[in-house]
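Mind the numbering: the sequence shown is residues -22 to -1, 1 to 710 in mature numbering (1 follows the signal peptide of the UniProt record, and there is no 0), read in order. No residue lacks a Cβ here, since even glycine has one placed at the ideal position from N, Cα and C. As the structure is a computational prediction, the values presented were derived from the model and not from experiment.
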Amino acid sequence: MKFHSWSVISWSMLVMIPPGYAAAPDKSGQQPVETKEEVLTVETTVNARFVPESNRKIPFTVNHQDNLALEQGQIKDGQSLLWQTPGLALNTDGQNPESSIKIRGVGSVNQVSNDDTSVVTMLNGVPVPVGNITSRLLDIEQVDILKGPQGTLFGRNSEAGAINVTSNKPTSLFTGHIGGEWGTRGHALGEMVVNAPLTDTLNSRVALQYDRKDAALKNEQDGNRPLSHPQNLTGRASLGWQPGEQDSLLLTVDHQRQRHNAVGMTLLDGSDKISLPKGSMDDWGNDTTLTFNWQHRWDELQLTNVTGWGNYYHSSSGPTIDARTSQRLYGTHYNSWRMFSNRQKQFFQELRLGSTAGSPLFWVSGINYIHSGRTLRHNGGWNEMPGWESDPMNAQFQRRFTNNSFALFGETTLPLTNRLDLTTGLRHTWEKLAYRARWNANPNYAGQGPTQQNDNQTLSERYFTGRIGLNYMLSDDWNLYGSWSRGHKSGGFSNWDTSIASGEPSTPYKPSTINSYEMGAKALISSLNLELNPALFYSRTHDDHYYTLLDPSRSFATVTENFDTESKGAEFSATWRPDADLIVKMGVDYTLATLTQLPENSKSGGKKGNRIPDVPRWGASFATDYSRPMQLANLPVVFNANLSYRYGSPREADIGNNFELGETHLLNTRLGFKSIYGDVYLWSTNLLNNRSPVYGFYYPALDPAYGGTGKDAHVGTVREGRAVGISYQYYF
């Protein structure tokens, strides 16, 4: 994108703001008194480097959502958060372990393995598996999305960025709320949060939530009823102990149970129908994370310990493809069934020493250790499609991935002059991955060679990640910054490698590296109560990961490849608060992410210059929230109205750029009253009923000589339709 185009974008956003609006008289007819106390701050405090900091002091982009913004925008889970955040792209068929995230076009072209993640998700300081991004955002204090490589402080597999989620902590007040939501499309939700002091120094907090809704697709073989009814039971229990002024301890247990979460893929022909035998899809999971935080503080120094344990399980079973897709590819309906499960256990330990919030000099250093053991099981079951008897997936797989990672890291921000700060950080990581696999052919397997194979391998890596940034303070309210970051994503072994069937060891995919550059400004115009954040970015990634089918017309045999990619673009966001009742947020983003180098004789169907899948070139967002006290009869209430809109341009569905996924238009609204008797709201999600695909997959045409029709197929799953409803919450 040329620089003059970026200038046009910036100025077009600025001219939308009436220059004299902030000086207009209030509704009482009195002129506002221009005192410093009446300036309505919109400055953002983020948690990007383990302590609360002003966003303007950090030399990279951070998208921040506090608990109020999450509530007003009806962002109740990770997927909703990602779809409404500029510069983020989500690739998911709805099955948790298969989710992958790109930030500014950077990330795996598709997910080769559960370990193949480019964006790390942190929950209260502990990394959680990528599939957990679909989890419910229950009783959350804030979410900070850090863009650009974050390997210095957040470690392995954060070459594109990090998502830092912080839950509400126990306090010394007895407070809480209870409430529910009811709406169309089978939507029902119940929630309870209770915060209770137990002693003068010990506090507790418990949050519970149950939600249910209808799946986006309707099943033709079940009377066009919803394919499933996804249900989530989410809970968190926290104990906070402060034995003295210098020490604080926090123990937190998070658990989420998912049931009936089957999503399914169907032909993307404008229909919301799928065709599967009734009850043939089953998808469920259980995730538990235990976190212990201890912090000891001196005047300008703090020691922090973070310990985490995790146990995550997900299982999915059902047909390989539905009848509509089978009919297009083969001209008839072939039945099939397969099952896979993924269990991961994790231990995390980090010890940090650094400055406290508000210290004149920021610095942090630490030591980190992660142990992760993951078992993936796959049962090919049965399949009536031609050639299945000799397919390497006509078998039972068991793969075991064991990873040990140890790292030393540090970062500081040094004042070079009164106006210029230097941020520099470095991390050195040692990793070892052990891989064991066993392949047992099913009884009807007709391929050549033995019917049982084993594979045992290990990989070791050591690498540096880091960043350098400059932040120049033009004035007390204006900052210019520039930064360079080096990111790394570890090599490993594919979830779906099939070379083991022929007795060959799995070929590991290579480590991926990235060099990323960003420059921008962070400004606060106090007289207008306006915050501005423009940014330009450029990234080059070497050896990112992709897996593909060797010959889709004959088998499900796979191969893993490494690609080089490039991403460049611009982002602009503004937050404006003209008075105490109204807040307006707006933004626009542009990302051009392309392939720059592919392996010779690549099986992917891609070529140099193709756009990266799932990444829209253009995006725009607008949100507004209005609150005003008033009287209803003799009851004092606060009227509140909220609207949020997100646009995404068409994006490529696959690496071959064979077809596009349509435009995204997401409009959510909420309107209601707050009073001493509770909050009552009318709400809507996806008010425009945009059913654009959220995921796409390309099946090439199958030659009639191999039982095909000669027609290709665009398959995927579509967005949930419009839902409207009512909610009530009572606070105590």
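The C-alpha of Val184 is placed about 7 Å away from the C-alpha of Asn173. Within the same chain, Cβ atoms closer than 7 Å to the Cβ of Trp596 are found at Tyr568 and Ser627, the five residues on either side in sequence being excluded.
Taking Ile503 as the centre and dropping the five residues before and after it, the same chain places no C-beta closer than 6 Å to its C-beta. Annotation: Leu101 to Ala424 spans about 47 Å, alpha carbon to alpha carbon.
Sorting Phe651, Arg397 and Met363 by C-alpha distance to the C-alpha of Tyr684 places Met363 at the top. The beta carbon of Ile36 lies closer than 6 Å to those of Ala26 in the same chain, with the five residues before and after it left out. Taking 3 residues as the shortest admissible run, the stretch 104 to 178 contains the following complete beta strand (DSSP E) segments, listed from N- to C-terminal end: 104 to 106, 118 to 125, 139 to 145, 153 to 161 and 166 to 175. Annotation for Glu198: Lys251 and Ser253 place their beta carbon closer than 6 Å to its own, counting only its chain and skipping 5 residues before and after. Unbroken beta strand (DSSP E) runs of no fewer than 3 residues, entirely contained in the stretch 255 to 331, are found at 260 to 275 and 280 to 296, following chain order. For Asn45, the enclosing alpha helix (DSSP H) stretches over residues Asn45 to Gln50.
For the 8 Å CB-CB criterion, Ser472 and Ser150 do not form a contact. The stretch 128 to 135 makes contact with the stretch 379 to 390, as at least three CB pairs between them are under 8 Å. Asn507 and Glu137 have their alpha carbons spaced roughly 35 Å apart. According to the DSSP assignment, Trp408 belongs to the beta strand (DSSP E) that extends over Leu398 to Ala419. In this structure Trp408 is exposed. Its beta-carbon is surrounded by fewer than 16 other beta-carbon atoms within 10 angstroms. Excluding five sequence positions before and after Gln50, the CB atoms of its chain that fall closer than 6 Å to its own CB belong to Asp603 and Asn620, given in chain order.
The DSSP-derived three-state label of Gln426 is coil. Secondary structure of Glu389 (DSSP, three-state): strand.
When C-beta atoms of the stretch 286 to 305 are compared with those of the stretch 259 to 268, three or more pairs fall below 8 Å, so the two segments count as touching. In the three-state DSSP reduction, Lys467 falls in the strand class (E or B). For Ser582, the secondary structure class from DSSP, reduced to helix, strand or coil, is coil.
Boundaries of the alpha helix (DSSP H) around Ser58: Gly56 to Trp61. By the criterion of a C-beta distance shorter than 6 Å, Gly674 is surrounded in its chain by Ala631, Leu639 and Gly694, once the five residues flanking it on both sides are discounted.
Here the alpha carbons of Gly242 and Gly444 stand approximately 40 Å from one another.
Here Trp262 is near Ser293, since their CB atoms are less than 8 Å apart. Taking 8 Å as the cut-off, the Cβ atoms of Gly650 and Leu665 do not count as close. Residue nearest to Asn372 within the set Ala535, Leu448, Asn271 and Leu217 is Ala535 (criterion: CA-CA distance). In this structure, Ser78 sits away from Val98, with a CB-CB distance that is not shorter than 8 Å. Here Ser662 is buried, its C-beta having at least 16 other C-beta atoms within 10 Å. Per DSSP, reduced to three states, the secondary structure at Trp219 is strand. When the alpha-carbon of Arg134 is set against those of Asp247, Gly465 and Ala601, the nearest one is in Gly465. For Leu180, the enclosing beta strand (DSSP E) covers residues Leu180 to Arg190. Excluding the 5 residues flanking it on each side, Thr401 has same chain C-beta neighbours closer than 6 Å at Pro37, Thr391 and Gly447, in chain order.
With fewer than 16 neighbouring CB atoms inside 10 Å of its own CB, Lys256 falls in the exposed class. For Glu509, the three-state secondary structure derived from DSSP is strand.
By the Cβ-count criterion, Ile141 is buried, with 16 or more other Cβ atoms from all chains shown falling within 10 Å of its own Cβ.
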